[in-house]
Amino acid sequence: MSQAQTIPTAHIEAKAGEIAKTVLMPGDPLRAKFIAETFLDNPVQFNGVRGMLGFTGTYKGVRVSVMGSGMGAASIGIYSYELFKFYDVENIIRVGTAGGIGGGVKLKDVVIGMAASTDSNYLYQYGFAGGYAPVASYELLETAVGSAKELGTAVKVGNIMTSDIFYHDNPEAYRTWEKMGILSVEMEAAALYANAVRLGKNALAILTVSDMIFTGEATTSEERQTTFTAMLKVGLETAAKLG
């Protein structure tokens, strides 16, 4: 596939200058719309291609964009690459849900991914002879942890795991990841982190534990709304500090 892309791209219809340097990315495009309408001042839609909604507004006077990523490494791999490569985005903060695995993680905890191990084949393109766990940007990680402390939001920071599989045929397979210190499993961060590292950009995943893999515990829709808001505020405060 050619990388000699111009804007608008095949997946994003924004013109130059319509997307901020920092983008929050939930998986659900309707969640992106909710974030824009609830937290941003004067949000303007910049994308609607394939229903993947994107908006730019301001938060505490700082220009911030929010855009859906879709589900899975393949989807966020496309959108984050185009944002980094063709729209000069510097920082992408994934805000989403995850299944808790280990490290004392409980339902509704906020987890920040310091690194993202994976069972995805997304990383094969780089030609590694061994395994590779892409890491978050330290600047974003440090800023997010500081923002969480200021907000009084407890967070757990550590290694997360990105999976291609939502309905796993053998859920006990995650026990291997648990014993190696993985806090939670989600579906996008490793691809996002890899794109950021490869393109010299910054990425971070801030996640809310919406269910527990081994016990079957899950949050209600009302609880998801409340805990999602706590996570979002950490992401937005981090974006505001980046300027």
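Numbering of the sequence shown is given in my numbering, commencing with residue 1186 and proceeding in unit increments.
Think of the CB as a built atom: it goes at the ideal place given N, C-alpha and C, for glycine as much as any other residue.
- If you look at residue 1382, you'll find it in the alpha helix (DSSP H) that goes 1374–1384.
- Residue 1205 is positioned such that its CB atom lies no closer than 7 Å to that of residue 1231.
- Rounded to whole angstroms, the gap between the alpha carbons of residue 1237 and residue 1197 is 8 Å.
- For the pair residue 1219 and residue 1384, the CB atoms are not nearer than the 7 Å cut-off.
- Here residue 1374 is not near residue 1235, since their CB atoms are 7 Å or more apart.
- In the DSSP assignment, the residues bridged to residue 1277 are 1208, 1388.
- In this structure, the beta-carbon distance from residue 1251 to residue 1393 does not fall below 7 Å.
- Between the C-alpha atoms of residue 1355 and residue 1398 there is a straight-line separation of about 11 Å.
- Residue 1244 carries a strand assignment under DSSP once its states are collapsed to helix, strand and coil.
- In terms of CA proximity to residue 1241, 1227 leads the group 1227, 1358, 1258.
- Under the 10 Å beta carbon count, residue 1212 is surrounded by 16 or more other beta carbons and is classified as buried.
- Restricting attention to beta strand (DSSP E) runs no shorter than 3 residues, the region 1269–1352 encloses them at 1276–1285, 1295–1303, 1340–1347, ordered along the chain.
- By the CB criterion at 7 Å, residue 1229 and residue 1286 fall outside the cutoff.
- The beta carbon of residue 1415 sits closer than 8 Å to those of 1295, 1336, 1338, 1393, all from its chain and outside the five residues before and after it, given in chain order.
- Between the alpha carbons of residue 1202 and residue 1243 lies a distance of about 14 Å.
- Residues of the same chain with a CB within less than 6 Å of the CB of residue 1261, apart from the 5 flanking positions on each side, are 1254, 1373, 1376, 1377 in chain order.
- Annotated as proximal: residue 1277 and residue 1208, with beta-carbon spacing under 7 Å.
- Here residue 1396 has 1284, 1403 as same chain residues with Cβ atoms under 6 Å from its own Cβ, once five neighbours each way along the sequence are excluded.
- Counting the other CB atoms within 10 Å of its CB gives residue 1306 a total below 16, which places it among the exposed residues.
- In the DSSP annotation of this structure, residue 1198 is not part of any beta strand (DSSP E), being labelled neither H nor E.
- Taking every protein chain shown into account, the CB of residue 1239 has 16 or more other CB atoms within 10 angstroms, so this residue is buried.
- Residue range 1214–1224 is occupied by the alpha helix (DSSP H) that includes residue 1219.
- Taking all protein chains in view, the Cβ of residue 1359 is crowded by 16 or more other Cβ atoms within 10 Å, so the residue is classified as buried.
- With fewer than 16 other beta carbons inside 10 angstroms of its own, residue 1364 counts as exposed.
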